[in-house]
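Trainee: Here it is, the structure, as structure tokens.
There are 2 protein chains.
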Amino acid sequence: MQNRNIASTFAKGLAVLGAFDGSAPVLSLAEIARRSSLDRAVARRLVLTLVDQGFVQSDGARGYRLTPRVLRFAGGYLGGRQVGRLVQPVLDRHAARVGAPISMAVLDGHDVLLLAQSTLQNSVVTFGFTLGSTLPLLHTSLGRMLLAMRPSEIAAELLATAPLQGRTPEALTDRRLIRAEVDQARSAGLCIARAQLEAGITGYAVPTGPEAVIGLSRAQGLGHDAQDDQAAIKALQLCAAELIQTGAV
Amino acid sequence: MQNRNIASTFAKGLAVLGAFDGSAPVLSLAEIARRSSLDRAVARRLVLTLVDQGFVQSDGARGYRLTPRVLRFAGGYLGGRQVGRLVQPVLDRHAARVGAPISMAVLDGHDVLLLAQSTLQNSVVTFGFTLGSTLPLLHTSLGRMLLAMRPSEIAAELLATAPLQGRTPEALTDRRLIRAEVDQARSAGLCIARAQLEAGITGYAVPTGPEAVIGLSRAQGLGHDAQDDQAAIKALQLCAAELIQTGAV
DNA sequence: TGCAGATTGTGCGTATATCGCACATATGTG
DNA sequence: CACATATGTGCGATATACGCACAATCTGCA
């Protein structure tokens, strides 16, 4: 059809693989076909191919689920960038110091995509978000910071098209107000978002390189404590400086 | 060709994606074609498809590298299994108690595939291994434990065919001796491997469910300290018991 | 500088793998 | 029990992927 340099069957297969987005652990053929906008027969053959290759397993009946083998792709990315060796220890060390988990993320499509996440025992805010999971672009400090780092045309385009996914009464629903927040993040070089995604949670983000940001969340005490903000931002900036030094990502 | 229910183009595309295995961050077309055993022209079209879909980016010249978007597949798996919410906190808590990072792994092909890894500030042994990376099956405690958990025909098959990748003078090179270690692991329900992969490092592993194992590594002091072994195994068993309770993986 | 070997870009005829409809069967829902 | 929805699969038509072949480009070495 379109371009002789694009293998459409492969593209469709990737869409099938992408249908397993984590929102449901097990999918039926009909569900897969719907999510990937493919003919059922086509989706079926592609799923069977994935089963044959060991990336998906059938539960005997009409359920299909990813196998751990899909993690190899992530391993290819993370290993190539040496994330485990260079980035993770830095995140862990600063997370321990500041007392909150630190995440690294990039922009991917209309989402914030988590690249790495320091873990921390006894962390009050138990994320539940892991590597490869996504967060809303417009209602997180990470997302707004990422927007601020893009060229203005691209940022404007994303601001206009990304879905509004705020989940709190305080969440901004006017894209112009979000734009103002993004502009402020751009000039300040950091972003603070209060209660946009989870009630009582404040998110902080700073850039680390041209593509990536790091951030942390913490429970908002009674009244905005400027000292808390200061400490969180300072910790992130130190961490970012160290990450930039390593040159990874 | 073979089976009308298998889309060969998609299978080839997956082979191309798998060519990015983390051993080199950036690959040329010729290298990709070689690794995936495909005709150069075919590999090229498949890579261009990956670029079109945003999973690979070209560095302008003749270099191709994965984009973070491939992590979405990992996110689909991890999110579906709720690894971030159910598994990670348990690993972190026990790792902090025992003072060493704990990894969870499954068997995938001829490799140990890392599913999750607790991080720990100030850990002496800095792994460098991350989620999705692989370890040798025959020369790690994790791998031998996984072998011990498989039906004997499958274990025998893997024992005979998996590559010998020991990297120390003490590493076993006789498959029969490794088989004896696996047999012992099966009857004991745990596995200890000394200096098989890294000199001076001892690995410990115990099962957690029918498919997965958890393990940790620590530097071997002078002389085998039975108390250290005891402590490591005990910690892993407690951790495994808790993981089995959660029902994840 | 110049040559040899390797890598890359791509056009094109042909064989065939893929598409997607359509029908039959299975499942499950009120 | 009937209706709605999901699944398995055969098949003809055709879009599509294959892979050779040639040209352009790059890389290293003498």
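Going line by line, the protein sequences match chains A and B.
Using the working numbering, read the first sequence as starting at 110 and increasing by one per residue.
Using the working numbering, read the second sequence as starting at 110 and increasing by one per residue.
By construction, the Cβ of each residue, glycine as well, lies at the ideal position given by its N, Cα and C atoms.
Just so it is clear, the structure is predicted and the values come from calculations on it, not from any experiment.
Which of helix, strand or coil does DSSP assign to A225 of chain B?
Mentor: Walking along the second sequence from the start, residue 225 of chain B turns up at place 116. Three-state result, A225 of chain B: strand.
Trainee: Three or more C-beta pairs under 8 Å: does that hold for the region 185-200 of chain A against the region 295-303 of chain A?
Mentor: no
Trainee: Buried or exposed for K343 of chain A, going by 16 or more other Cβ atoms inside 10 Å?
Mentor: For this step, residue 343 of chain A is matched to residue 234 along the first sequence. Under this definition K343 of chain A is an exposed residue.
Trainee: List, in order along the chain, the chain B residues whose C-beta lies closer than 8 Å to that of V192 of chain A?
Mentor: In the first sequence, the residue the question calls residue 192 of chain A occupies position 83. Going along chain B in sequence order, the residues near V192 of chain A (Cβ under 8 Å) are T239.
Trainee: Under 8 Å, with one C-beta from each stretch per pair, do the region 118-138 of chain B and the region 122-131 of chain A reach the 3-pair mark?
Mentor: Verdict: yes, contact present.
Trainee: What is the DSSP secondary structure of G189 of chain A, counted as helix, strand or coil?
Mentor: The sequence position of residue 189 of chain A within the first sequence is 80, counting from 1. Reduced to three states, the DSSP call for G189 of chain A is helix.
Trainee: Quick one, are the C-beta atoms of I211 of chain A and H203 of chain A less than 8 Å apart?
Mentor: Position 102 of the first sequence holds residue 211 of chain A. Position 94 of the first sequence holds residue 203 of chain A. Their beta carbons are under 8 Å apart, which means I211 of chain A touches H203 of chain A by this criterion.
Trainee: Nearest-angstrom Cα distance between I301 of chain B and Q346 of chain B?
Mentor: Residue 301 of chain B sits at position 192 when you count from the first residue of the second sequence. Residue 346 of chain B sits at position 237 when you count from the first residue of the second sequence. Take the alpha-carbon of I301 of chain B and the one of Q346 of chain B: they are about 13 Å apart.
Trainee: Taking only three categories from DSSP, how would you classify Q293 of chain B?
Mentor: To locate residue 293 of chain B, count along the second sequence from 1; it is residue 184. Here Q293 of chain B carries a helix assignment [DSSP, helix/strand/coil].
Trainee: Return the CA-CA distance between R194 of chain B and D201 of chain B, expressed in angstroms with no decimal places.
Mentor: The residue labelled residue 194 of chain B in the question sits at position 85 within the second sequence. The residue labelled residue 201 of chain B in the question sits at position 92 within the second sequence. Roughly 12 Å between the two C-alpha positions.
Trainee: Based on DSSP bridge pairs, tell me the residues matched to Q166 of chain B.
Mentor: Counting from one through the second sequence, the residue named residue 166 of chain B turns up at place 57. Answer is B:R174, bridged to Q166 of chain B.
Trainee: Rounded to whole angstroms, what's the CA-CA distance from I310 of chain B to Q197 of chain A? Just pull it up for me.
Mentor: Within the second sequence, numbered from 1, the residue matching residue 310 of chain B stands at position 201. Within the first sequence, numbered from 1, the residue matching residue 197 of chain A stands at position 88. Between I310 of chain B and Q197 of chain A, the C-alpha separation is close to 21 Å.
Trainee: Since S212 of chain A sits in a beta bridge, which residues does DSSP pair it with?
Mentor: Start at 1 with the first residue of the first sequence, and residue 212 of chain A comes out as number 103. S212 of chain A is bridged to A:Q226, A:G324.
Trainee: State yes or no: is the beta carbon of R149 of chain B nearer than 8 Å to at least one beta carbon in chain A?
Mentor: Counted from its first residue, the second sequence places residue 149 of chain B at position 40. Chain A, which has no Cβ nearer than 8 Å to the Cβ of R149 of chain B, makes this no.
Trainee: Quick one: is R285 of chain B buried, meaning 16 or more other Cβ sit within 10 Å of its Cβ, or exposed?
Mentor: Indexing the second sequence from 1 puts residue 285 of chain B at position 176. Label assigned to R285 of chain B: exposed.
Trainee: Kindly indicate the opening and closing residues of the beta strand (DSSP E) around L251 of chain B.
Mentor: Here residue 251 of chain B corresponds to residue number 142 of the second sequence, with the count starting at 1. Unbroken run through L251 of chain B is the alpha helix (DSSP H), 250-258; no beta strand (DSSP E).
Trainee: Can you tell me whether DSSP reads G312 of chain A as helix, strand or coil?
Mentor: Numbered from 1 along the first sequence, position 203 holds the residue referred to as residue 312 of chain A. Three-state DSSP puts G312 of chain A in a strand.
Trainee: With a threshold of 8 Å between beta-carbons, can V291 of chain B be considered close to chain A, or not?
Mentor: Taking the second sequence and counting its residues from 1, the one referred to as residue 291 of chain B is at position 182. Proximity of V291 of chain B to chain A, defined by a Cβ-Cβ separation below 8 Å, is not satisfied.
Trainee: Anyone know if the C-beta pair for T243 of chain A and L222 of chain A falls short of 8 Å?
Mentor: As a working mapping, residue 243 of chain A is identified with position 134 in the first sequence. As a working mapping, residue 222 of chain A is identified with position 113 in the first sequence. T243 of chain A is a Cβ neighbour of L222 of chain A, given a cutoff of 8 Å.
Trainee: Under 7 Å between beta-carbons, which chain B residues line up against V215 of chain A? List them in chain order, please.
Mentor: Stepping through the first sequence from its first residue, residue 215 of chain A is reached at position 106. The answer, in chain order, is P177.
Trainee: So, for L352 of chain B: in the same chain, excluding its five sequence neighbours on each side, which residues have a beta-carbon less than 6 Å away from its beta-carbon?
Mentor: As a position in the second sequence, residue 352 of chain B is number 243, starting the count at 1. V199, T317.
Trainee: Is DSSP giving L180 of chain A helix, strand or coil here?
Mentor: For this step, residue 180 of chain A is matched to residue 71 along the first sequence. L180 of chain A: helix per DSSP, three-state reduction.
Trainee: Residues bridged to R194 of chain A by DSSP?
Mentor: Against the first sequence, residue 194 of chain A aligns to sequence position 85. R194 of chain A is not bridged to any residue.
Trainee: Look at the alpha carbon of N114 of chain A and the alpha carbon of L147 of chain B, and state the distance between them as a whole number of angstroms.
Mentor: In the first sequence, the residue the question calls residue 114 of chain A occupies position 5. In the second sequence, the residue the question calls residue 147 of chain B occupies position 38. In a straight line, the C-alpha of N114 of chain A is about 16 Å away from that of L147 of chain B.
Trainee: Whole angstroms are fine: how far does the CA of A205 of chain A sit from the CA of S326 of chain B?
Mentor: What you label residue 326 of chain B is simply residue 217 of the second sequence in a count that begins at 1. What you label residue 205 of chain A is simply residue 96 of the first sequence in a count that begins at 1. Distance between the alpha carbons of S326 of chain B and A205 of chain A is about 21 Å.
Trainee: Contact criterion: CB-CB distance below 8 Å. Does T158 of chain A meet it with respect to chain B?
Mentor: Taking the first sequence and counting its residues from 1, one reaches residue 158 of chain A at position 49. Yes, T158 of chain A lies at the interface with chain B (some Cβ there is under 8 Å from its Cβ).
Trainee: Using Cβ-Cβ distances below 8 Å, what residues of the region 119-144 of chain A are close to chain B?
Mentor: F119, A120, K121, G122, L123, L126, G127, F129, D130, G131, S132, A133, P134, V135
Trainee: Given a cut-off of 8 Å on the beta-carbon distance, is the pair A139 of chain A and R149 of chain A in contact?
Mentor: Numbered from its first residue, the first sequence carries residue 139 of chain A at position 30. Numbered from its first residue, the first sequence carries residue 149 of chain A at position 40. Taking 8 Å as the cut-off, the Cβ atoms of A139 of chain A and R149 of chain A count as close.
Trainee: Please tell me whether D161 of chain B has its Cβ less than 8 Å away from any Cβ of chain A.
Mentor: To locate residue 161 of chain B, count along the second sequence from 1; it is residue 52. Closer than 8 Å to some Cβ of chain A, the Cβ of D161 of chain B qualifies, so yes.
Trainee: Would you mind stating whether R303 of chain A and Q329 of chain A have Cβ atoms separated by less than 8 Å?
Mentor: What you label residue 303 of chain A is simply residue 194 of the first sequence in a count that begins at 1. What you label residue 329 of chain A is simply residue 220 of the first sequence in a count that begins at 1. Their beta carbons are under 8 Å apart, which means R303 of chain A touches Q329 of chain A by this criterion.
Trainee: Give the interface partners of Y186 of chain B over in chain A, defined as CB-CB distance under 7 Å, in chain order.
Mentor: Stepping through the second sequence from its first residue, residue 186 of chain B is reached at position 77. Simply L175, P177, V179, L180.
Trainee: In the structure shown, what three-state DSSP assignment does S243 of chain A receive?
Mentor: In the first sequence, counting from the first residue as 1, residue 243 of chain A sits at position 134. With the sequence shown as reference, residue 243 of chain A is identified as Thr, and Ser is not the correct amino acid for it. T243 of chain A: strand per DSSP, three-state reduction.
Trainee: With 16 other CB atoms within 10 Å as the buried threshold, where does R190 of chain A fall?
Mentor: Indexing the first sequence from 1 puts residue 190 of chain A at position 81. Label assigned to R190 of chain A: buried.
Trainee: With 8 Å set as the bound, which would you pick, yes or no: does the beta-carbon of R154 of chain A sit closer than that to a beta-carbon of chain B?
Mentor: Counting from one through the first sequence, the residue named residue 154 of chain A turns up at place 45. It does; some Cβ of chain B falls within 8 Å.
Trainee: Using only the alpha-carbon positions, how far apart do T249 of chain B and P177 of chain A sit?
Mentor: As a working note, residue 249 of chain B is residue 140 in the second sequence. As a working note, residue 177 of chain A is residue 68 in the first sequence. Rounded to the nearest angstrom, the two C-alpha atoms are 19 Å apart.
Trainee: Just to confirm my understanding: we take E320 of chain B, look at its own chain, exclude 5 residues before and 5 after, and list those with CB closer than 6 Å. What are they?
Mentor: Numbered from its first residue, the second sequence carries residue 320 of chain B at position 211. Within the same chain, E320 of chain B has close Cβ partners V215.
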